[in-house]
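Residues 87 to 344, numbered by the working numbering, are exactly what the sequence shown covers, in order. By construction, the Cβ of each residue, glycine as well, lies at the ideal position given by its N, Cα and C atoms. Written below as structure tokens is the structure these notes are about.
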Amino acid sequence: METKQQIAENWLPRYTGMPVSGFGDYILITNFKSYVDAFARRFDVPVIGADRPMQVATNTSGLSIINYGIGSPNAALIMDLLVARMPKGVLFLGKCGGLKHSTTIGHFILPIAAIRGDGTSNDYFPPEVPALPSFKIHKFVSDKILQHEKEYRTGVVYTTNRRVWEWDTAFREHLKELSCLAIDMETATVFIVGHKNGIPRGALLLVSDVPVVPEGVKTEESDKQVSEKWSQMHLDIGIEAMTHIGEQGEEIKHLRYE
């Protein structure tokens, strides 16, 4: 195997158990196997890859969902492997920590950009290149959030490769200086690697904790409560938005203003 395309075509089935032809034109990626299980139950389709690092399911409308794991390296991995399929759109459904008073638990965030504190994205573009979503994907997601009469915010998300940072006072102060709306581990990576590979991409983040204060740091119990209250809505909005895009018949990369 000499080319990226050849590697991706071999490794996407290797990591997921799904042949390349089994993936739809539109794809949801997430950190949570429970989202894949819920998707499969909703559409009465099997979950593929129970014995693989990543699990996937595809419905009859041509929408797939992939649990790729956690962290920026895995986010880069799936966005690289998807060149084997070259989907028409990818939406990341993730959780994030709110960094401002306006971002409370249960709110949704549509990032207009992400600061590249992940490190992984530096392997794809110089630091000066901004990590941005595809506008049209976010337009469709925004419409669906409003239809459900839910709160959402737009702003800049900080993506870090550090999972345990909440104790670090200096890092928390640095986040305040950057004036970010939220923090996560993958959004900038998804945006940058999608940009590199020519894959339209977006992110819908669920605020699951407020990690800048000790009482707001995520615990197993608090995360369970967030999942019980808001995860189904998170998944529903993602499914509806990406299905709606697929039904419009308009190229995401060539949005025209009439």
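Quiz item: By Cβ distance, which residues of its chain are closer than 6 Å to residue 342, with the 5 residues on each side in sequence left out?
Solution: For this step, residue 342 is matched to residue 256 along the sequence shown. Annotation note: pLDDT 43 at residue 342 (below 50); position unreliable, coordinate value reported separately. Here the set comprises nothing.
Practice problem: Would you mind working out which of 153, 111, 138 and 109 sits nearest residue 120, comparing C-alpha positions? | Solution: As a first step, residue 120 is located in the sequence shown; it is residue number 34 there, counting from the start. Taking only the C-alpha atoms, the option nearest residue 120 is 153.
Practice problem: Within its chain, find whatever has a CB closer than 6 Å to the CB of residue 178; leave out the 5 residues flanking it on each side and keep chain order. | Solution: Position 92 of the sequence shown, counted from the first residue, corresponds to residue 178. Within the same chain, residue 178 has close Cβ partners 115, 276 and 289.
Practice problem: Take residue 344 and list the residues in its own chain whose beta-carbon comes closer than 6 Å to its own, dropping the five residues that flank it on each side. | Solution: For the purposes of this step, residue 344 is identified with residue 258 of the sequence shown, where counting begins at 1. Confidence at residue 344 is low in this model, with a pLDDT of 35, below 50, so the placement of that residue is unreliable and no value is reported for it.
Quiz item: Apart from the five residues just before and just after residue 162, which ones in its own chain have a Cβ nearer than 6 Å to its Cβ?
Solution: Translated into positions along the sequence shown, residue 162 becomes position 76. Exclusion of the five residues before and after residue 162 leaves 206, 275 and 279 as the residues of its chain whose Cβ lies within less than 6 Å of its Cβ.
Self-check item: Whole-angstrom distance between residue 156 and residue 143, CA atom to CA atom
Solution: The residue you call residue 143 lines up with position 57 of the sequence shown. The residue you call residue 156 lines up with position 70 of the sequence shown. When the Cα atoms are used, residue 143 and residue 156 turn out to be separated by approximately 18 Å.
Quiz item: When DSSP builds the beta bridges, which residues end up paired with residue 289?
Solution: Residue numbering aside, residue 289 sits at position 203 when the sequence shown is read from its first letter. For residue 289, DSSP records a beta bridge to 178.
Quiz item: Counting Cβ pairs, one atom from each stretch, are 3 or more of them under 8 Å apart for the stretch 317-331 and the stretch 221-240?
Solution: In short, these stretches touch, since the Cβ pair count reaches three.
Self-check item: Straight-line gap, residue 137 to residue 216 (C-alpha atoms, nearest Å)
Solution: Locating residue 137 in the sequence shown gives position 51, where the first residue counts as 1. Locating residue 216 in the sequence shown gives position 130, where the first residue counts as 1. Taking the straight line joining both Cα atoms gives about 36 Å.
Exercise. Using three-state DSSP, classify residue 191 as helix, strand or coil.
Key: As a first step, residue 191 is located in the sequence shown; it is residue number 105 there, counting from the start. It is coil, neither helix nor strand.
Self-check item: Ranges of the beta strand (DSSP E) found wholly within the stretch 127-156, counting only runs of at least 3
Solution: Runs found: 141-144 and 149-153.
Self-check item: Cut-off 7 Å between Cβ atoms - residues of its own chain near residue 139, not counting five sequence neighbours on either side
Solution: Position 53 of the sequence shown, counted from the first residue, corresponds to residue 139. For residue 139, where only same-chain residues beyond five positions count, the Cβ hits under 7 Å are 101 and 155.
Exercise. Determine the direct distance from the alpha carbon of residue 159 to that of residue 166, and round the result to whole angstroms.
Key: Residue numbering aside, residue 166 sits at position 80 when the sequence shown is read from its first letter. Residue numbering aside, residue 159 sits at position 73 when the sequence shown is read from its first letter. C-alpha separation (whole angstroms): 10 Å.
Quiz item: What's the C-alpha gap between residue 239 and residue 195?
Solution: On the sequence shown, residue 239 is found 153 positions in, with the first residue counted as 1. On the sequence shown, residue 195 is found 109 positions in, with the first residue counted as 1. Rounded to whole angstroms, the separation of the alpha carbons of residue 195 and residue 239 is 5 Å.
Exercise. Take the Cβ of residue 254 as the centre, count every other Cβ of all protein chains shown within 10 Å, and call the residue buried at 16 or more, exposed below.
Key: Counting from 1 along the sequence shown, the entry for residue 254 is found at position 168. Of the residues assessed, residue 254 falls on the exposed side of the cut-off, its CB having fewer than 16 other CB atoms within 10 angstroms.
Exercise. Assign residue 98 to one of two classes, buried (16 or more other C-beta atoms within 10 Å of its C-beta) or exposed (fewer than that).
Key: By one-based count along the sequence shown, residue 98 stands at place 12. Per the 10 Å Cβ criterion, buried.
Exercise. Tell whether a beta-carbon distance below 9 Å holds between residue 222 and residue 291.
Key: Counted from its first residue, the sequence shown places residue 222 at position 136. Counted from its first residue, the sequence shown places residue 291 at position 205. Their beta carbons are not under 9 Å apart, which means residue 222 does not touch residue 291 by this criterion.
Quiz prompt | Sheet register partners of residue 268 (DSSP bridge) | solution = Numbered from its first residue, the sequence shown carries residue 268 at position 182. Per DSSP, 184 and 243.
Quiz item: At what residues does the alpha helix (DSSP H) containing residue 114 begin and finish?
Solution: For this step, residue 114 is matched to residue 28 along the sequence shown. Segment 112-116 is the beta strand (DSSP E) holding residue 114; no alpha helix (DSSP H) there.
Quiz item: Does the Cβ of residue 271 have 16 or more other Cβ atoms within 10 Å, making it buried, or fewer, making it exposed?
Solution: What you label residue 271 is simply residue 185 of the sequence shown in a count that begins at 1. With 16 or more Cβ atoms within 10 Å of its Cβ, residue 271 is classed as buried.
Quiz item: Just checking my contact of residue 149 with residue 112 at CB under 8 Å: how many whole Å lie between their CB atoms?
Solution: If you number the sequence shown from 1, residue 149 lands on position 63. If you number the sequence shown from 1, residue 112 lands on position 26. Their Cβ separation, rounded to whole angstroms, is 5 Å, which keeps residue 149 and residue 112 in contact under 8 Å.
Quiz prompt | Inside the stretch 209-233 only - alpha helix (DSSP H) runs reaching at least 4 residues | solution = Listed in chain order, they are 221-233.
Self-check item: Cβ-based burial, residue 185 [other Cβ within 10 Å; buried from 16]
Solution: The residue you call residue 185 lines up with position 99 of the sequence shown. Its Cβ being crowded by 16 or more others within 10 Å, residue 185 is buried.
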